[in-house]
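Report on one structure; see the data block that follows.
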Amino acid sequence: MAEKSTVMTVQRVLSSAKKRNFVETVELAINLKDIDLSTPKNRIADDIILPNGRGKAIRICVIGGGELALKAKGIADAVITPEELQTIADDKKQAKKFVNSIDYFIAEAPLMAIVGKRLGTILGPRGKMPKPIAPGVDPDAMITNLRKSVSVRTKDRVTFHVPVGVASMSAEEIADNIETIFKRIETKLEKGRMNIASSYVKTTMSPSERLI
Numbered sequence: 753m754a755e756k757s758t759v760m761t762v763q764r765v766l767s768s769a770k771k772r773n774f775v776e777t778v779e780l781a782i783n784l785k786d787i788d789l790s791t792p793k794n795r796i797a798d799d800i801i802l803p804n805g806r807g808k809a810i811r812i813c814v815i816g817g818g819e820l821a822l823k824a825k826g827i828a829d830a831v832i833t834p835e836e837l838q839t840i841a842d843d844k845k846q847a848k849k850f851v852n853s854i855d856y857f858i859a860e861a862p863l864m865a866i867v868g869k870r871l872g873t874i875l876g877p878r879g880k881m882p883k884p885i886a887p888g889v890d891p892d893a894m895i896t897n898l899r900k901s902v903s904v905r906t907k908d909r910v911t912f913h914v915p916v917g918v919a920s921m922s923a924e925e926i927a928d929n930i931e932t933i934f935k936r937i938e939t940k941l942e943k944g945r946m947n948i949a950s951s952y953v954k955t956t957m958s959p960s961e962r963l964i
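Each residue of the sequence shown is one higher than the last, beginning at 753 in my numbering.
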């Protein structure tokens with residue numbers, strides 16, 4: 753169960769949000785301190801499974817052939833066979849459009865080098881290089897987890913943002929997601945929570961509320 757103070761802060765954010773003609777994303781902003789992010793080993797690059805999910809549809813693409821492709825059909829949003837890779841890569845404009853429409857990619861492990869060669873320049877800068885999966889493995893569990901995941905990437909900036917839900921979710925659900933992120937991030941920081949200077953939560957259009 754989330755801490756009462758976190759739930760109350762999220763409640764204030766949700767109550768201050770005006771009615772919109774779209775569902776607003778709830779976002780967590782974290783500011784780090786006393787950490788040198790110019791050194792790559794100090795940076796955070798992680799996918800965190802949220803206990804209550806994102807509250808929105810997450811699109812998954814599986815790159816693979818044979819048994820993996822058959823198992824992925826019906827549960828993934830898109831399946832690309834090895835034969836289709838080059839065709840997609842040849843049209844850079846359409847490739848970028850397609851990559852932008854997908855949240856996570858999964859690729860058959862033996863194909864990782866080929867995917868990197870043909871689509872790496874598009875996938876890499878967007879932080880969407882595929883997660884490897886062994887040939888023939890049922891991708892259902894990985895897809896299920898990715899649909900509930902958020903990607904945390906600090907790069908070289910001390911401030912980073914993470915989506916933690918949508919405004920239609922309850923304050924308790926969002927607060928649980930927030931605390932899950934904090935606990936995971938603390939394990940990646942040398943001084944744990946002492947490396948967090950401050951954090952804020954807000955919806956897409958609402959003012960932010962301070963958490964830490």
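Where is the CB? At the ideal position from N, CA and C, for every residue including glycine.
Only a predicted model underlies this, so the values are computations on that prediction, with no experimental measurement involved.
Under a Cβ-count criterion, where at least 16 other Cβ atoms within 10 Å of its own Cβ denotes burial, should N852 be classed as buried or exposed? Walking along the sequence shown from the start, residue 852 turns up at place 100. A residue is called buried once 16 or more other Cβ atoms fall within 10 Å of its Cβ, and N852, having fewer, is exposed.
What did DSSP end up calling E901 once you bin it into helix, strand or coil? Sequence index remark: in the sequence shown, residue 901 carries index 149 (1-based). In the sequence as displayed, the identity of residue 901 is Ser instead of Glu. Look at S901 here: in three-state DSSP terms it is strand.
Report the start-end ranges of each beta strand (DSSP E) in the segment 849-880 that is 3 residues or longer and not cut off at the edges. Listed in chain order, they are 856-860.
By DSSP, does G818 sit in helix, in strand, or in coil? In the sequence shown, the residue the question calls residue 818 occupies position 66. The DSSP-derived three-state label of G818 is helix.
What does DSSP give as the partner residue(s) for R962 in the beta ladder? The residue labelled residue 962 in the question sits at position 210 within the sequence shown. DSSP lists Y952 as partners of R962.
Closest to F934 by CA distance: which of A841, I810, A781, S768 is it? Along the sequence shown, one-based indexing puts residue 934 at 182. F934 has its Cα closest to that of A781, out of A841, I810, A781, S768.
On the DSSP bridge list, what partners appear for I800? What you label residue 800 is simply residue 48 of the sequence shown in a count that begins at 1. Residue pairing of I800 in beta bridges, as defined by DSSP: V902.
Buried or exposed: A754, going by 16 or more other Cβ atoms within 10 Å of its Cβ? Against the sequence shown, residue 754 aligns to sequence position 2. Burial check for A754: the Cβ neighbour count within 10 Å reaches 16 or more, so the residue is buried.
Considering only residues of the same chain and omitting the five flanking positions on each side of V910, which have a CB-CB separation below 8 Å? By 1-based counting over the sequence shown, the position of residue 910 is 158. Closer than 8 Å at Cβ, skipping near neighbours: N783, L784, K785, I787, L789, A949.
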